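> Encoded as structure tokens, here's the structure I'll be asking about.
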Amino acid sequence: KMTQQMRDLQLAQARKPPGPSSPNAAKRLYRNLSGKFRVNYTSFDEGSLVGRGEKEKLRKSYLFQSNAALFEAVELQDLNRVQELLKQYSPEELDLNTPNSEGLLPLDIAIMTNNAPIARALLQAGAKESPHFVSLESRSLHLSTLVREAEQRVNELTAQVVNEAPNADCSEKEKQLKAWEWRFRLYKRMKAGFEHARVPDAPTNVQLSVASSSSVQVTFWEPLSVNSAVVTKYKVEWSCSPTFSPPLGEAVIDKLKNLHFTIRGLVSGTAYYVRVSAYNMKGWGPPQASVPPFAIPSNWREYDGRAPRRRGQAEALDHLLGQVKTVHQHCVCHEPCKNQPQSRKHSVSKSLKHLFHPGSKFLKTLKRGLYLTAIFYKDDNILVTHEDQIPVVEIDDTYSCLLMQDFLWFTKVSCMWDEILWLRQCVTVSQSSCSCILQTRFKMLLAISQMQGLLGIQDLGQVFFEPVKDKQGNILIVTLKEVKTNQTFESVRWVPICKLQTSRKSVSSPEEPTALDTLLISVQDKLAYHQRSSHALSPGLYLGYLKLCSAVDQIRVLVPEQLPNILCHVKIRSNPNISREEWEWLQKMASVEEPVPTEQEADTSQNPLFHELQVAIKELMTLVNIPLQEAKDFRLYSQEVLDFGDQVSFLLLLPPSDDVCTAPGQNNPYTPRSGFLTLPLQIFELGEKR
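With the first letter of the sequence shown counted as 1, position 690 gets the number 690 in UniProt numbering; the numbers rise by one all the way through.
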């Protein structure tokens, strides 16, 4: 079949008047003439589908050219061009795994010319080897055929050039001869690369760890020597026997972006042996056993059989809230609670159209009192009223000293923006007590409802962890929300933050700025805090540092500025699971006089977690600026592992019991370096739940 294709190609080229002007042109001509072998064009009937058919033909022609360009870039070993094409087009658009007329794929050419960088780029994009090569013999025969037919074509063109008198046709044949000579050399290089290659060595650093009570995870690196051929896949095998007889299962990994594999569906408490082998075009190399040689699926909870802390908590709270609502709905002294009408639930697009209507009650200036402001932002722009003001509504004009408990109550309300109307009705029932606290909180709910109504949107975002105050007695509670829609709104405009800051005319002195001026000056910091507080940790096991400090009315917790919703931490490893054996070892560690592991403990020197903790503790102590010699007084929290979902877990490092929480007026001998802040404990808890 291949010989017949080459003959068809020769006849087609003989009939073609204009010949290729360069080796590259010859290659493009070669593929264009053989395009029928790779692309199935769809024909359309004349009529209503003519326009659409022409567009489809143009699209396929464009993609066909990108496929030819990829082959050419691989053959010319142009790594930059290959990476550019892989970034610009999807594997489907490039026909990445459709063989060309020679029965080759881009990956075949890359590995048989031993171009490792291009081969790796293709493999990460999902490239595969040609299905035509079912055995070593078939690959060798195929390459020999390509070399022989290219050599035959070179000889034919050489004879024609030598025997014919100089003319235009002879000049074109000379160009074709150069192109075929180049292709002949390429095929010979591919054949030599295949013949000189050997099977790859075994993979290196094969590590086995317990991923859960029913799975284990194996990670590995490439072989030290691939023996002149790129590794294109790996095989993971597992068994309950160290001889792998009988084998329990195997998996072939051909997506090589991340060299790891999780074996699932295993039996808890059973030992599983694992080994990994590598494959190149010459076949499978020898297997490499894992370290440790086996693993037993388990989880730390199996040590004492405890259930997950949060199991059923969300459902129980929803049920409790439903019961409370039912009680209030049937209260004889209370008007039945009604859900907010659907007309309130506008989309952001519709709601913001009516933002800041001339009849709105947004404030321009502040008097002595308590206020609510909502900051909506998108990229570097902020949403303002038609008077270039950040939206502000009044909570209480007689409230000049915000109690921390009221502020923390407000932050909890921010988790129930959709229930504000119901909360107002509930608080109204209790107003007969004439409690100042209830009156203040009822006014907070009124202000929230007013802001929601004026904006036409219920979700006002996240509350900033501290209010903005000034010396005139003004207090601003700030909410922050990022708008990710890319739309233009009527009667509203986005203003660059820098422009708003420079154009605002301050009515206060630099020595005593108003709360609004302070807000504008620090708005970038608040937006940065809001964005960072929504970042998530990558999967893994972490070591966290718990440090508290108390004041008269609150307890604050030390957190990093870059991730204010997480304790100060360092990553121990990528596997978040703590096995039963590891937890048992940690319990023994907790019972010794020196809670933090030290290098003198020779009996645990073979425990991987021991070494991982040593490295993590040193890194964490350096991070929070505590001398390493003080580690002997620190303790690992051994009551539980803190699980945040299935992918992130924490072990806690605690200071000496007298230093866990610094009391008011107590000096902290070790002050953390810059890059940290302290949050009220309740704010931190809300941020962690978000």
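Glycine residues also receive a C-beta, built at the ideal position from the N, C-alpha and C atoms. From a predicted model like this one, the values you see are computed outputs, not experimental measurements.
Can you give me the Cβ contacts of MET621 inside the same chain, cut-off strictly under 7 Å, excluding the 5 residues immediately before and after it?
Hits under 7 Å: LEU628, ALA631.
> Curious, which full-length alpha helix (DSSP H) runs of at least 4 residues does the segment 563 to 645 contain?
Counting whole runs of 4 or more residues, the segment 563 to 645 contains the alpha helix (DSSP H) stretches 580 to 590, 608 to 623.
> Ignore the nearest five residues each way along the sequence and tell me which others in residue 715's own chain have a CB closer than 6 Å to its CB.
This structure gives no information on residue 715, because the portion of the chain shown stretches from 1 to 690.
> I'd like the list of long-range same chain contacts for GLY47, defined as Cβ closer than 7 Å, with 5 residues on each side in sequence excluded.
Confidence at GLY47 is low in this model, with a pLDDT of 46, below 50, so its placement is unreliable and the value that follows should be read with caution. Excluding sequence neighbours, GLY47 sits near nothing in its chain.
> Does DSSP put LYS484 in a helix, in a strand, or in coil?
Of the three classes helix, strand and coil, the one that applies to LYS484 here is coil, per DSSP.
> Where DSSP assigns a beta bridge to ARG264, which residues make up the other side?
DSSP output for ARG264 lists no bridge partner at all.
> Is it right to say LEU370 is buried, meaning 16 or more other beta carbons lie within 10 angstroms of its own, or is it exposed?
Classification of LEU370: buried, given that the 10 Å Cβ count is 16 or more.
> Can you give, in chain order, each stretch of the alpha helix (DSSP H) that sits fully within the segment 110 to 197 and has at least 4 residues?
The qualifying runs are 116 to 124, 136 to 163, 168 to 196.
> Can you list, in chain order, the residues of its chain with a C-beta nearer than 8 Å to that of ASN280? Leave out the 5 residues immediately preceding and following it.
So the qualifying residues of the chain are ILE111, ALA197, VAL199, PRO200, VAL226, ASN227, ALA229, VAL230, VAL231, THR232.
> Looking at C-alpha atoms only, which residue of VAL648, PHE410, ARG301, TRP494 is the closest neighbour of PRO467?
Residue PHE410 is the option with its Cα nearest to PRO467.
> What residues in its chain sit with their C-beta under 6 Å from that of GLN5, if we drop five residues either side in the sequence?
With a pLDDT of 44 at GLN5, under the threshold of 50, the modelled position of that residue is not reliable, and the figure given next carries that caveat. Excluding sequence neighbours, GLN5 sits near SER101.
> Could you tell me which whole alpha helix (DSSP H) segments of length 4 or greater appear in the segment 60 to 105?
For the segment 60 to 105, whole alpha helix (DSSP H) runs of length 4 or above, ordered along the chain, are 79 to 88.
> Measure how close the beta-carbons of VAL276 and LYS235 come, nearest whole angstrom, since I'm counting them as under 8 Å.
Rounded, the Cβ-Cβ distance is 7 Å, consistent with contact.
> In angstroms, rounded to a whole number, what distance separates the CA positions of LYS469 and LEU455?
If I take the Cα positions, the gap works out to 24 Å.
> The alpha helix (DSSP H) with ARG368 in it runs from where to where?
Run containing ARG368: none; DSSP gives neither H nor E here.
> Just to check my reading of the structure: ARG504 and LEU541 have Cβ atoms closer than 8 Å, yes? What is that Cβ distance to the nearest angstrom?
About 48 Å separates the two Cβ atoms, so there is no contact after all.
> Considering only DSSP beta bridges, list what CYS549 is partnered with.
The partner list for CYS549 (beta bridge, DSSP) reads ARG556, THR662.
> Return the CA-CA distance between GLU387 and THR479, expressed in angstroms with no decimal places.
If I take the Cα positions, the gap works out to 20 Å.
> Determine whether the beta carbon atoms of LEU146 and PRO106 lie at a separation below 9 Å.
Going by C-beta atoms, LEU146 is not nearer than 9 Å to PRO106.
> Apply the 10 Å Cβ neighbour rule to SER649 and answer buried if 16 or more other Cβ atoms are within range, or exposed otherwise.
By the neighbour-count rule (16 or more Cβ atoms within 10 Å), SER649 is buried.
> Rounded to whole angstroms, what's the CA-CA distance from VAL557 to MET404? Just pull it up for me.
C-alpha separation (whole angstroms): 16 Å.
> Helix, strand or coil: how does DSSP classify ASN298 here?
Here the sequence assigns Ser to residue 298, which means Asn is not the residue at that position. Three-state DSSP puts SER298 in coil, outside helix and strand.
> Keeping to the same chain, check which residues put their C-beta closer than 6 Å to that of SER579; ignore five residues upstream and five downstream.
Closer than 6 Å at the Cβ level, and outside the excluded window around SER579, lie VAL210, SER298.
> Once you ignore the five residues that flank VAL523 on each side, which residues in its own chain have a CB closer than 8 Å to its CB?
Excluding residues within five positions, the ones whose Cβ falls inside 8 Å are ILE375, ILE382, ILE497, GLN501.
> Given a cut-off of 9 Å on the beta-carbon distance, is the pair ALA316 and ALA295 in contact?
Going by C-beta atoms, ALA316 is not nearer than 9 Å to ALA295.
> Find the nearest neighbour of LYS178 within the set GLN639, ASP646, ASN155, judged by alpha-carbon distance.
Taking only the C-alpha atoms, the option nearest LYS178 is ASN155.
> Give the DSSP-derived three-state secondary structure of ILE457 in the structure shown.
Of the three classes helix, strand and coil, the one that applies to ILE457 here is coil, per DSSP.
> Please list, in chain order, all residues of the same chain as ASP603 whose beta carbon is under 6 Å from its beta carbon, the five residues on each side excluded.
Note that ASP603 has pLDDT 48, beneath the 50 cutoff, so the model's placement of it is unreliable and no number is given.
> For SER144, count neighbouring Cβ atoms within 10 angstroms of its own Cβ and tell me buried if that reaches 16, exposed if not.
When all chains shown are included, SER144 counts as exposed.
> Taking the straight line between their C-alpha atoms, what separation do you get for ARG38 and ARG306?
Because the pLDDT at ARG38 is just 39, under 50, the model does not fix this residue reliably, and the point stays unresolved.
> Could you tell me if ALA159 is buried or exposed, where buried requires 16 or more neighbouring beta carbons within 10 angstroms of its beta carbon?
Exposed is the call here.
> Measuring straight from C-alpha to C-alpha, what distance separates LEU652 and GLY645?
Answer to the nearest angstrom: the Cα atoms are 17 Å apart.
> So, is CYS415 buried or exposed, given that buried needs 16 or more other C-beta atoms within 10 angstroms?
Exposed, since its Cβ has fewer than 16 Cβ neighbours within 10 Å.
> Skipping 5 residues on each side, what residues in its chain have a beta carbon closer than 7 Å to that of PHE684?
Answer for PHE684: VAL557, VAL559, listed in chain order.
> How close, in whole Å, do the beta carbons of GLU129 and ASP95 come, if the pair is a contact with beta carbons under 8 Å?
Rounded, the Cβ-Cβ distance is 15 Å, inconsistent with contact.
> Hey, out of ARG264, ALA447, LYS188, ILE555, whose CA is closest to VAL392's CA?
When only C-alpha atoms are compared, the closest one is ALA447.
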